[in-house]
Amino acid sequence: MRMSKSVVITRYGRPEVLQIVERPVPEPKLGEVLIRNLASTVSSGDVWIRSGQLALPFHKKAPKSPVTLGSEVVGVIEKTGAGVSAFRPGQLVAALTVSGGGYSEHACLDQNEIIAVPNGIEPDDATCLALNYVLAYRMLHKAAKVRKGESIVVLVDRRNGILRFCESKSTLLRQRAARLARGRFNDKKNR
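Mapping of the sequence shown onto the UniProt record's numbering: residues 1 to 191, in sequence order.
Structure follows, in structure tokens:
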């Protein structure tokens, strides 16, 4: 049986509550993919959950079982479960998970939680793709309710990944996007 290491918590607290455990490599279920994790972030949400500042649903006093944190993860698909047709083994993907799993060598993720990582992007750089893409999508479609063909203005700080995704997503949707960037006027990238 193949084993996989995970970093888990069984109680809330400082970083000292993190434990390394070994578990069998999970099998993907219907609609899931098994990924071998290559990179993950330590997000503020993970820190808040670990410290107890943001309790897991139904786990107000302590996690009921070992919980693997890590909501932003990039990995290579090793195996697909039944019903998965949009992804294939060997493909590099990024995920923003609701179930955690980023602090593990292997994780089974719902196919709806993952996106393909474009060629040429390194796994470490790709860890920000899922969160920024999801937030950009929600900003454009849920908050602003932008429809195809409408014009939008994206106020871009060139370091803000979320706003850059809004700008690129609007292009994909054939929306007209005016880019306003703040920066030094002698910086040719901001003209």
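A virtual CB, placed ideally from N, CA and C, is assigned to each residue, including glycine. Here the structure is a predicted model, which means the values were calculated and not measured.
Quick check on residue i: buried or exposed, where buried means 16 or more other Cβ atoms within 10 Å of its Cβ?
i: Ile49; result: buried
i: Ile121; result: exposed
i: Leu30; result: exposed
i: Gly102; result: buried
i: Asn112; result: exposed
i: Gly100; result: buried
i: Val93; result: buried
Check for me: the alpha helix (DSSP H) holding residue i runs from which residue to which?
i: Val47; result: 44-51
i: Pro123; result: 123-126
Among the options, which residue has its Cα nearest to the Cα of residue i?
i: residue 264; options: Leu140, Pro26, Ser43; result: For residue 264 there is no data in the structure shown, the boundaries of the chain being 1 and 191.
i: Leu96; options: Ala144, Tyr133, Glu72, Ser104; result: Glu72
i: Ser65; options: Ala136, Arg11, Met1, Glu150; result: Arg11
i: Thr41; options: Phe87, Glu16, Thr80, Ser104; result: Ser104
i: Ser44; options: Leu54, Ile115, Ser4; result: Leu54
i: Met3; options: His106, Lys142, Lys148, Ile115; result: His106
i: Cys108; options: Ala143, Val84, Lys142; result: Val84
i: Val39; options: Val117, Ala143, Pro123, Asn132; result: The displayed chain sequence assigns Ala, not Val, to residue 39. The shortest C-alpha separation from Ala39 is found at Pro123.
Just the Cα atoms here: how many angstroms apart are residue i and residue j?
i: Gly52; j: Gln19; result: 16 angstroms
i: Arg23; j: Ser6; result: 7 angstroms
i: Leu69; j: Ser151; result: 39 angstroms
i: Asn119; j: Arg14; result: 38 angstroms
i: Gly90; j: Ile77; result: 5 angstroms
i: Ala136; j: Ala130; result: 10 angstroms
i: Ser21; j: Val8; result: Checking the sequence shown, residue 21 turns out to be Val, not Ser. One C-alpha to the other measures close to 7 angstroms.
i: Val17; j: Glu32; result: 29 angstroms
i: Ile82; j: Pro28; result: The amino acid at residue 82 is misidentified as Ile; the sequence shows Ala. The alpha-carbon atoms of Ala82 and Pro28 are separated by roughly 8 angstroms.
i: Met139; j: Met1; result: 44 angstroms
i: Lys145; j: Gly75; result: 32 angstroms
i: Asp46; j: Ala126; result: 18 angstroms
Over the uninterrupted beta strand (DSSP E) stretch that includes residue i, give me the two end residues.
i: Arg2; result: Taken as a continuous stretch (DSSP letters only), Arg2 belongs to no beta strand (DSSP E), as it is neither H nor E.
i: Val93; result: 92-96
i: Glu72; result: 72-80
i: Ala116; result: 114-116
i: Gln19; result: 19-24
i: Ser40; result: 32-40
i: Ala107; result: 106-110
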